[in-house]
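In UniProt numbering, the protein residues as written are 1 to 733.
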């Protein structure tokens with residue numbers, strides 16, 4: 001075939017291809033039209049007949065005590081379009097549908113953008129919406145909540161029809177008067193009155209921007225919830241859209257962006273366990289969406305034990321008010337869970353949900369706060385998982401942990417780090433058991449180094465701590481509370497120790513039924529072994545060891561239960577900003593926190609004095625309701641284990657052999673004492689029960705640890721060492 005013929009053949013193939021594509025397109029489009037024509041479209045002739053909302057109701061675990069009816073106090077005040085602030089109208093159009101006055105009910109460009117974004121996310125029907133304000137009016141007023149393509153088509157067709165019946169201003173008026181703005185608040189007039197105590201015609205630009213920010217996620221962005229930062233970002237986004245669309249000037253933008261807006265206290269009636277209810281509502285919205293909660297009449301049976309909840313609320317309120325007077329600790333929180341099932345039994349997020357003075361609606365159990373020493377059990381558990389034992393000896397001596405600083409430096413100024421114990425005293429050689437039970441800081445830092453920061457963070461995450469997720473951020477200060485955790489997560493994580501290493505997946509909803517009694521959701525207990533059973537038993541055994549914790553608490557303290565196995569750990573942060581008490585039995589985990597929402601320091605006292613009375617009073621009440629269970633004993637085999645791992649910082653076997661050979665009780669004691677070293681002299685930190693190190697100097701922390709131990713040894717045993725060759729801090733290799 002010549003060149004001319006080849007080109008002619010290619011041209012023919014291209015033409016044939018276009019013909020085929022055209023025919024296929026016609027067939028496809030015809031089929032789509034036929035399919036669309038079969039979809040039943042509601043009649044708009046009676047637009048005023050809105051769909052009836054069926055309220056979601058939330059119950060306690062018995063299914064008999066109604067905690068809250070989400071729409072029992074629905075508030076909606078219809079106002080004329082001209083009585084709505086121009087700023088409020090413009091703010092809504094700018095953030096929701098900036099081409100509202102230019103389209104015919106649907107926005108083709110917006111739809112294409114949404115399809116592209118959602119296809120990239122693998123969700124063609126969800127994710128970013130391309131809905132116009134007109135479509136949202138149709139969706140909220142007429143169509144049922146279905147995530148189907150047919151609904152999208154109905155929505156588009158009805159929107160085009162609605163634009164022929166109503167003017168743009170009438171459609172915007174319907175949207176502004178009927179959209180949800182959080183909780184039981186519907187319409188901008190009710191929102192303006194509820195949030196700012198003024199009419200919708202009188203709100204400022206900043207206030208209008210806050211209101212316009214809410215409809216897409218009114219529960220999540222609620223000014224009374226735990227996502228105020230996200231609400232602030234959304235408000236600023238509203239202002240940016242207004243500026244971009246020339247609806248406000250640059251000066252107006254700057255003033256509104258910087259304006260501090262005060263919201264009125266939340267007005268809710270007929271609600272029990274409010275923090276818990278709002279927590280449940282947030283979960284339901286994330287799972288089913290705002291519309292489903294308004295339409296489907298869910299009956300939600302939760303895990304809440306309302307009797308325990310009532311008692312906890314009363315105790316927290318009373319004790320917190322007393323702490324405000326004694327210790328300047330104005331707030332407190334309490335969480336109780338069932339370690340075996342993962343059930344959230346109690347959630348008290350503040351001393352008073354309705355208190356304006358302390359932002360009582362803020363749920364402190366979901367806030368990230370520094371845990372202080374209450375994080376230490378996770379560090380020791382990681383070490384035990386590597387082969388260290390409760391018997392293992394560490395030296396509680398003044399230690400400089402930064403290799404960049406001289407070993408005799410007491411500084412903790414960066415890059416140095418030389419912490420003290422809470423009482424500024426040092427005990428010398430101490431077992432990991434006594435170090436953890438007595439909350440000693442120096443052995444805890446050493447344990448974190450031996451365990452490894454990344455290993456500890458992984459174990460903590462496996463046990464349920466969700467906020468310690470940046471390994472590069474933390475160093476050895478982590479063990480003294482250098483990260484941030486949530487009280488809810490901490491209580492669940494302590495429950496893993498209680499449940500012998502099994503983590504029961506947290507649950508707060510037992511089942512959900514729709515308005516017809518059909519099952520929508522039913523939960524089951526799901527548990528997974530996340531730490532070795534014996535390791536969990538070691539921690540429980542230590543934290544319930546009253547003898548071991550006596551130096552810290554006293555023998556007959558507030559955390560001692562004469563007839564029950566109860567493990568407990570306290571924690572407080574620098575400048576006493578947070579005071580924690582975490583405790584558990586085999587079938588109950590309880591976490592308590594005291595402090596101030598604004599992170600201000602408290603006025604003095606240990607965490608035990610501030611928080612323990614609240615924890616103890618609730619434990620006494622709760623334990624009277626549940627069966628008595630004992631912790632199983634851990635199995636600890638010391639046969640063949642290195643002396644320092646099994647609890648001997650002086651090798652007693654060697655000492656007895658030397659004495660027997662010399663026939664005296666004093667001969668060669670100096671030589672024996674010269675064998676006192678830091679643990680890094682005897683172990684490879686990642687294999688403590690394995691071979692001895694070939695050269696301890698290869699370990700980065702060895703020199704500083706050894707220096708501190710040798711200094712202690714000379715101070716304690718100097719008389720025995722004077723006439724014997726010894727290793728001193730000055731000549732440590």
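Cβ atoms here follow ideal geometry from the backbone N, Cα and C, with glycine treated the same way. Quantities reported herein were computed from a predicted structural model and do not represent experimental measurements.
- [ ] Mind the definition here: the region 585–605 touches the region 558–577 only if three or more C-beta pairs lie below 8 Å; say whether that holds.
- [x] yes
Task: Test item: CB-CB of residue 685 and residue 457 under 9 Å - done: no
Task: Same chain only: Cβ atoms within 6 Å of residue 731, ignoring 5 sequence neighbours per side - done: Since pLDDT at residue 731 reaches only 41, below the 50 mark, its modelled position is unreliable, and no value is offered.
Open item on the list: Applying the 10 Å Cβ sphere with the 16-neighbour rule, what's the burial state of residue 104?
Closed with: exposed
TODO: Report the option in 391, 419, 413 whose CA atom is closest to the CA atom of residue 436.
DONE: 391
Task: Assigned exposure category for residue 357 - 16 Cβ within 10 Å defines buried - done: exposed
Task: Opposing strand residues paired with residue 521 [DSSP bridges] - done: 512
TODO: Go to residue 595, then tell me how far its alpha helix (DSSP H) extends in each direction, as first and last residue.
DONE: Per DSSP, residue 595 belongs to no alpha helix (DSSP H); it is in the beta strand (DSSP E), 588–595.
- [ ] Between the Cα of residue 710 and those of 172, 695, 675, spot the shortest distance and give me the residue it belongs to.
- [x] 675
Open item on the list: Please state whether the Cβ-Cβ distance between residue 790 and residue 66 is less than 9 Å.
Closed with: Residue 790 lies beyond the stretch modelled for the chain, which goes from 1 to 733, so this question has no answer here.
Open item on the list: Please give me, in chain order, every unbroken run of the alpha helix (DSSP H) with length at least 4 that falls completely inside the region 398–438.
Closed with: 432–437
- [ ] Please work out which residues of its chain come closer than 8 Å, Cβ to Cβ, to residue 359, disregarding the five sequence neighbours upstream and downstream, and give them in chain order.
- [x] 350, 597
TODO: Please report the Cβ distance between residue 387 and residue 648, rounded to the nearest whole angstrom; I am assuming they are in contact, meaning their Cβ atoms lie under 8 Å.
DONE: Contact doesn't hold; Cβ gap of about 16 Å is too wide.
- [ ] Determine, using beta carbons only, whether residue 214 and residue 231 come nearer to each other than 9 Å.
- [x] yes
Task: The beta strand (DSSP E) enclosing residue 572, as first and last residue numbers - done: 567–572
TODO: Could you check if residue 725 is buried or exposed, using at least 16 other CB atoms within 10 Å of its CB as the buried criterion?
DONE: Note that residue 725 scores 41 on pLDDT, short of 50, meaning its location in the model is unreliable; the coordinates nonetheless yield the value given after this. By the neighbour-count rule (16 or more Cβ atoms within 10 Å), residue 725 is not buried but exposed.
Open item on the list: Within a Cβ cutoff of 6 Å, which residues of the same chain sit near residue 92, ignoring the five residues on either side of it in sequence?
Closed with: 212
Task: Boundaries of the beta strand (DSSP E) in which residue 57 is found, first to last residue - done: 57–59
Task: Given residue 254 as reference, the closest of 309, 237, 267, 264 once Cα atoms are compared - done: 237
TODO: Could you give the DSSP three-state label for residue 89: helix, strand or coil?
DONE: helix
Task: Closest Cα partner of residue 639 within the set 219, 413, 389 - done: 389
- [ ] Determine the burial state of residue 417: buried for a count of at least 16 other Cβ atoms within 10 Å of its Cβ, exposed for fewer.
- [x] buried
Task: Own chain partners of residue 471 with C-beta closer than 7 Å, once the 5 adjacent residues on each side are dropped - done: 453, 454, 457
Task: Assigned secondary structure, residue 583 (DSSP; H/G/I helix, E/B strand, else coil) - done: strand
TODO: List the DSSP bridge partners of residue 781.
DONE: The first residue shown for the chain is 1 and the last is 733, placing residue 781 beyond what the model contains.
Task: residue 490 to residue 718 span [Cα, whole Å] - done: 46 Å
Task: residue 737, enclosing alpha helix (DSSP H) - first and last residue - done: The chain is shown only over 1 to 733; residue 737 falls outside these bounds and no answer can be derived.
Open item on the list: If you reduce the DSSP assignment to three classes, tell me which class residue 180 lands in.
Closed with: strand
TODO: Give every residue of the same chain whose Cβ lies closer than 6 Å to the Cβ of residue 400, excluding the five residues on either side of it in the sequence, and list them in chain order.
DONE: 407, 409, 418, 704
Task: Among 467, 340, 321, 194, nearest to residue 482 - alpha-carbon criterion - done: 467
TODO: For residue 440, collect the residues of the same chain with a Cβ closer than 6 Å to its Cβ; drop the 5 residues on either side in sequence, then sort them by chain order.
DONE: 396, 421
Open item on the list: Using only CA atoms, which one of 370, 348, 371 lies nearest to residue 362?
Closed with: 348
Open item on the list: For the pair the region 322–331 and the region 77–87, tell me if three or more CB-CB distances fall below 8 Å.
Closed with: no
TODO: Output the distance between the C-alpha atoms of residue 742 and residue 141, rounded to the nearest integer angstrom.
DONE: Here the chain has residues from 1 to 733 only, and residue 742 is not among them.
Task: For residue 716, three-class secondary structure by DSSP - done: helix
TODO: Identify every residue that forms a DSSP beta bridge with residue 76.
DONE: 186
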